[in-house]
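> Position one of the sequence shown corresponds to residue 3 (our numbering), numbered consecutively onward. Glycine included, C-beta positions come from ideal geometry on N, C-alpha and C. No experiment lies behind these values; they were computed from the predicted model shown.
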Amino acid sequence: GQKPFATILACSDSRVPLELLFDQGFGDIFAIRVAGNVATRYGIGSMQYAQHHLQTPLFVILGHEGCGAVTAAMLPKEKRVQEPKGVQELLDLVHIGKVDKSADPKAQLASAVEANAKNVTKSLYDLNPDREGFTPREEEMVVTAVYEISTGRVRILDKRKGIRGEKSGDAP
3 GQKPFATILA CSDSRVPLEL LFDQGFGDIF AIRVAGNVAT RYGIGSMQYA
53 QHHLQTPLFV ILGHEGCGAV TAAMLPKEKR VQEPKGVQEL LDLVHIGKVD
103 KSADPKAQLA SAVEANAKNV TKSLYDLNPD REGFTPREEE MVVTAVYEIS
153 TGRVRILDKR KGIRGEKSGD AP
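(1) Decide if Arg162 is buried, meaning its Cβ has at least 16 other Cβ atoms within 10 Å, or exposed.
(2) Is Ile63 near Thr123, with beta carbons less than 7 Å apart?
(3) Put Gly33 into one of helix, strand or coil per three-state DSSP.
(4) For Val72, does the three-state DSSP call read helix, strand or coil?
(5) Tell me whether Thr9 sits in a helix, a strand or coil according to DSSP, three-state version.
(6) What is the C-beta distance between Ala105 and Val148, in whole angstroms, given that I count them as a contact (C-beta under 8 Å)?
(7) State yes or no: is the C-beta of Val115 within less than 7 Å of the C-beta of Gly45?
(8) Extract the residue ranges of the beta strand (DSSP E) inside the region 135–164, only unbroken runs of 3 or more that lie entirely within it.
(9) Would Ser14 and Arg43 be called neighbours here (beta carbons separated by less than 7 Å)?
(10) Do Ala33 and Leu20 have their C-beta atoms closer together than 7 Å?
(11) Just curious, the beta strand (DSSP E) that Ile63 is in, first and last residue?
Below is the structure:
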């Protein structure tokens, strides 16, 4: 059976094997994988499923170093429109914020990966009258993190408790 202690929204990238990354076995992690770790309506529905049916107390939004979807989202519009329609729609969901164009390309990508993960977490807390979103309960924790492929470390960017999204000093 499964009794996952965490639900993780992560990129589909094959270099980000969640169970290996967190040293967990089968049934320990409820994984939601989509390129760019974006929150689609199906991803949010999957998070709601994990919350209501599996009672996972921890939700992780996990970006990763060198993300191809974030790299593609940074392309100029004239190059992005050459992508297949489904890829264009996916890239429209990647939110990279303002990238410092004077920084080197690796630093630009790192900044964009962090911004995307943070924006996905923020979108979970934003109320949207057009659809029912994911609302973390008071006892649940939402962690935003980035997996550094080069070091094998997961770096926590933010952690929030519950429905109001208050930042927590507690370790997840």
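With the structure as the only source:
(1) buried
(2) yes
(3) Checking the sequence shown, residue 33 turns out to be Ala, not Gly. In this structure, Ala33 counts as strand in the three-state DSSP scheme.
(4) helix
(5) strand
(6) That belief does not hold up - the Cβ atoms of Ala105 and Val148 are roughly 17 Å apart, past 8 Å.
(7) no
(8) 143–150, 155–163
(9) no
(10) yes
(11) 60–66
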